[in-house]
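**Q**
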C-alpha cells in the first residue's frame, strides 16, 4: 500500500519534474523523493491517521522460528516447498497474500 501511495504522490503531488518517471519506474525513486513524500504525508495527514490503529502482530522468537524450520527438514517435494515458503516469509517480511499470489512466470529464471 505504501508503494502505491508513493507512486500516486510522485505522479500527482510532487513538485519534482522527474517524479512522473519515478512514479512509473520504482528504480528511479530517489532519497529526495522519499523524504518529500514523508514530509507531504506529515503535512496532509491528521495525527489520528498517522497512528496505526490495528493491533500489532506478535513476532515469533528465534527459538520458535528454528522449531518451525526444523519441522520442514526432509528431501520430499512438500518438505522443500514448505521450507522455501517459510524462508521467503521470514527473509522478506512479505504478506500471506503477496506470497500466495506469486506465479512461477513472475520469477526470474536463471541460466
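Numbering (our numbering), first residue to last: 1 to 111.
Cβ coordinates follow ideal geometry from the N, Cα and C atoms, glycine included.
Quick check on the burial criterion: 16 or more other C-beta atoms within 10 angstroms. Buried or exposed for residue 32?
**A** Under a 10 Å Cβ-count criterion, residue 32 is classified as exposed, with fewer than 16 other Cβ atoms of the shown protein chains found around its own Cβ.
**Q** Just to check my reading of the structure: residue 68 and residue 42 have Cβ atoms closer than 8 Å, yes? What is that Cβ distance to the nearest angstrom?
**A** Not a contact, Cβ separation roughly 38 Å.
**Q** Is residue 100 helix, strand or coil when you go by DSSP?
**A** helix
**Q** Counting along the chain, where does the alpha helix (DSSP H) carrying residue 7 start and finish?
**A** 2-12
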